[in-house]
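Peer 1:
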Amino acid sequence: MLAVESYHCERCGSDFVSCLALKYHFRRRHLGKVHCENCGQEVLREKLQDHSKSVHDRSTMETHKLNWENLEERNIKHKATKISKTCRMCSRCFGTVLSRENHEIQEHHFTASKRAQTSAGFSLHNMLECKSPQELQRFADEKIHPASGPLRAACVAEIAVLVQRIQDCFPVGDPRVIQAGSYIKGTDTRGCSEIDIVLFSDVFANANHCKKQLREGLDALRKNLKQTSYGNRILMGKRAPLSLRFNFLCTGSLHSHSFEIMAYYDVLGPTPSADLKLHLYRKLYLCKDSDEAQLCALALLPYQVDFVKASVGRVKELVRLVIHWFKTSFANPTEENKFRRLPSSYTVELLTIYVWELAGKPLLFSLVQGLRAVLKLLVQYTEIDIVWHRHYHRKFPVFVKVNQKHTRPFILDPVNPTVNVCDTCNAWDEVAHVARCSLLKPLFSRVRAEPPWLFTNNWSISSH
1 MLAVESYHCE
11 RCGSDFVSCL
21 ALKYHFRRRH
31 LGKVHCENCG
41 QEVLREKLQD
51 HSKSVHDRST
61 METHKLNWEN
71 LEERNIKHKA
81 TKISKTCRMC
91 SRCFGTVLSR
101 ENHEIQEHHF
111 TASKRAQTSA
121 GFSLHNMLEC
131 KSPQELQRFA
141 DEKIHPASGP
151 LRAACVAEIA
161 VLVQRIQDCF
171 PVGDPRVIQA
181 GSYIKGTDTR
191 GCSEIDIVLF
201 SDVFANANHC
211 KKQLREGLDA
221 LRKNLKQTSY
231 GNRILMGKRA
241 PLSLRFNFLC
251 TGSLHSHSFE
261 IMAYYDVLGP
271 TPSADLKLHL
281 YRKLYLCKDS
291 DEAQLCALAL
301 LPYQVDFVKA
311 SVGRVKELVR
321 LVIHWFKTSF
331 ANPTEENKFR
341 RLPSSYTVEL
351 LTIYVWELAG
361 KPLLFSLVQG
371 LRAVLKLLVQ
381 YTEIDIVWHR
391 HYHRKFPVFV
401 KVNQKHTRPF
411 ILDPVNPTVN
421 VCDTCNAWDE
431 VAHVARCSLL
441 KPLFSRVRAE
451 PPWLFTNNWS
461 ISSH
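Below is the structure:
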């Protein structure tokens with residue numbers, strides 16, 4: 001099928017079939033308008049002062065406070081939208097990544113030198129200071145891998161009890177429980193363990209009242225959990241419209257797990273037909289409500305878990321190393337760039353699995369070679385273009401349309417052809433910079449690609 005050339009509006013992201021149509025659109029919708037620096041709304045240039053007086057009467061301090069209070073809510077909503085087009089300095093959203101980058105340079109002076117100053121932040125005793133594969137393995141066993149033996153068994157038992165408490169405390173009777181997250185996939189680390197719980201019930205099938213019922217149900221669950229015997233070990237996060245978030249201190253408070261609980265009705269059911277899944281893909285593609293799309297996509301969580309869990313144990317070890325690298329190699333966001341978002345753990349998992357597949361899916365391999373391959377791919381993030389066809393075929397119309405319009409980096413969710421998981425990040429340039437610096441660390445000194453990683457010789461680490 002031939003791709004139809006389209007013309008993109010950098011102001012709002014709309015597509016047009018001709019340059020003439022794009023020019024007409026720009027004159028009609030954007031000509032003579034400027035963006036308000038406070039809210040990002042487009043207003044006529046001569047009306048900007050009146051707009052600022054009537055809409056933005058809060059003090060700067062109060063506005064910043066509101067931004068911080070709503071940060072979790074913003075993250076939730078953006079999971080199904082376009083963080084990649086959101087300015088990391090002011091959170092203003094643009095139609096394209098290019099227009100967002102131009103804005104950051106022109107308005108915030110975020111140049112290459114400034115990026116170099118604010119992105120890298122290697123922690124002390126970083127794993128990149130290891131000088132041999134054996135030293136890296138010891139580091140991973142002692143500081144990255146989750147506990148094993150009796151401590152892991154106690155942890156598993158406590159999580160199982162807590163999940164049952166969650167099911168019992170939910171005000172809707174007998175929901176079907178789905179579990180996901182790094183803990184369930186086997187990619188959790190000692191410092192990062194995520195557990196996603198989805199409670200499916202037909203009570204939420206009525207779309208007109210669904211969001212109100214969800215909020216009430218999650219508020220009741222929040223209150224009920226605090227009253228259980230585990231209540232003093234549950235540290236609740238800020239309220240969000242679609243989920244309940246908390247940290248759970250586990251097994252003698254030696255470590256914690258990050259929980260996110262959501263609820264909806266199961267649009268697929270436990271054993272859906274292929275046609276039903278394709279119907280869901282069409283619904284997600286056409287859906288204009290990001291909240292509804294996120295809720296409907298919850299039915300695909302079990303397939304995401306299965307995709308990652310199908311990898312061999314050594315791949316999960318490599319995923320843990322990459323996640324640990326993200327946690328320990330970047331400077332913390334400041335007040336200036338507080339809206340910076342790094343790739344999600346799911347994006348990291350898929351990227352690592354892809355590199356392993358390029359190597360021929362070896363059962364055993366050097367973690368140094370594997371980590372080096374992942375970092376080299378991150379350096380040239382603009383070349384990342386990854387698609388799997390296990391849940392949807394190449395001629396499926398939704399995939400064809402998404403694929404025609406995609407921009408790199410591009411990792412299409414293997415179980416959801418409407419989502420580029422790379423869109424959860426607006427700092428790929430920073431990721432590339434830190435990856436490039438990491439490849440110069442002692443761990444990779446004098447390391448050369450060995451079979452089956454010879455394909456990485458084609459990946460340069462020079463600056464763009």
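For the sequence shown, the UniProt record's numbering begins at 1 and goes up steadily by one.
Using N, Cα and C, we set each Cβ at its ideal position, and we do this for glycine too.
Pull the bridge partners of residue 264 from the DSSP assignment, please.
Peer 2: Paired residues: 200.
Peer 1: Which whole-angstrom value is the C-beta distance of residue 329 and residue 126, which I expect to be below 8 Å?
Peer 2: Yes, residue 329 and residue 126 are in contact; Cβ-Cβ is about 7 Å, under 8 Å.
Peer 1: Sort 323, 265, 361 by Cα distance to residue 310 and report the nearest one.
Peer 2: Looking at the Cα atoms, 361 is the closest of the given residues.
Peer 1: Are residue 363 and residue 436 touching if we call contact CB-CB under 9 Å?
Peer 2: No, Cβ-Cβ distance for residue 363 and residue 436 is not below 9 Å.
Peer 1: Just to confirm, is the Cβ distance from residue 251 to residue 165 under 9 Å?
Peer 2: No, the Cβ-Cβ distance between residue 251 and residue 165 is not below 9 Å.
Peer 1: Is it buried or exposed, residue 62, if we count other Cβ atoms within 10 angstroms and call 16 or more buried?
Peer 2: Confidence at residue 62 is low in this model, with a pLDDT of 32, below 50, so the placement of that residue should be treated as unreliable; the coordinate-derived value is given next. Exposed, because fewer than 16 other Cβ atoms sit within 10 Å of the Cβ of residue 62.
Peer 1: Terminal residues of the continuous alpha helix (DSSP H) containing residue 102?
Peer 2: Residues 97-108.
Peer 1: The alpha helix (DSSP H) that contains residue 165, what's its start and end?
Peer 2: Residues 150-169.
Peer 1: Who does residue 385 pair with in a DSSP beta bridge?
Peer 2: 410.
Peer 1: Mind checking residue 82: buried by the 16 CB within 10 Å criterion, or exposed?
Peer 2: When all chains shown are included, residue 82 counts as buried.
Peer 1: Would you call the region 89-96 in contact with the region 290-300, where contact means no fewer than 3 C-beta pairs closer than 8 Å?
Peer 2: No, they do not touch.
Peer 1: If distances are taken between C-alpha atoms only, which option among 181, 155, 156 comes closest to residue 534?
Peer 2: Not covered by the structure: residue 534. The range shown for the chain is 1 to 464.
Peer 1: Please classify residue 248: does DSSP put it in a helix, a strand, or coil?
Peer 2: Residue state, collapsed to three classes: strand.
Peer 1: So the candidates are 107, 212, 121; which of them puts its Cα closest to the Cα of residue 241?
Peer 2: Looking at the Cα atoms, 212 is the closest of the given residues.
Peer 1: Taking C-beta to C-beta, are residue 235 and residue 224 nearer than 9 Å?
Peer 2: No.
Peer 1: What does DSSP give as the partner residue(s) for residue 505 in the beta ladder?
Peer 2: Lying before the first or after the last residue shown, residue 505 is absent from the chain, which here runs from 1 to 464.
Peer 1: Per DSSP, residue 44 forms a beta bridge with which residues?
Peer 2: Beta-bridge pairing links residue 44 to 33.
Peer 1: Taking the C-alpha atoms as reference points, what is the distance between residue 296 and residue 197?
Peer 2: One C-alpha to the other measures close to 15 Å.
Peer 1: Looking at the secondary structure, which residues open and close the beta strand (DSSP E) in which residue 134 lies?
Peer 2: Note, residue 134: premise wrong, no beta strand (DSSP E); alpha helix (DSSP H) at 133-139.
Peer 1: Could you have a look at residue 379 and say whether DSSP puts it in helix, strand or coil?
Peer 2: Here residue 379 sits in helix by DSSP.
Peer 1: What are the residues that DSSP puts in a beta bridge with residue 194?
Peer 2: Bridge partners of residue 194: 258.
Peer 1: Check the C-beta distance from residue 461 over to residue 376 and give it rounded, since I have them as a contact under 8 Å.
Peer 2: Right, their Cβ atoms sit about 6 Å apart.
Peer 1: Which residue from 259, 334, 193, 201 puts its Cα closest to that of residue 222?
Peer 2: Nearest of 259, 334, 193, 201 to residue 222, Cα basis: 259.
Peer 1: Given that a residue counts as buried once 16 or more other Cβ atoms are within 10 Å of its Cβ, and exposed if not, what is residue 347?
Peer 2: Label assigned to residue 347: buried.
Peer 1: Could you say if the region 390-407 and the region 139-152 meet the contact criterion of at least three C-beta pairs nearer than 8 Å?
Peer 2: Contact between the region 390-407 and the region 139-152 is absent, because fewer than three Cβ pairs lie under 8 Å.
Peer 1: Just to confirm before moving on: does the CB-CB distance between residue 108 and residue 335 stay below 9 Å?
Peer 2: No, Cβ-Cβ distance for residue 108 and residue 335 is not below 9 Å.
Peer 1: Can you grab the Cα-Cα spacing for the pair residue 115 / residue 430, in whole Å?
Peer 2: Taking the straight line from one Cα to the other gives about 7 Å.
Peer 1: Looking at residue 104 and residue 89, is the spacing between their C-beta atoms short of 9 Å?
Peer 2: In this structure, residue 104 lies closer than 9 Å to residue 89 by Cβ.
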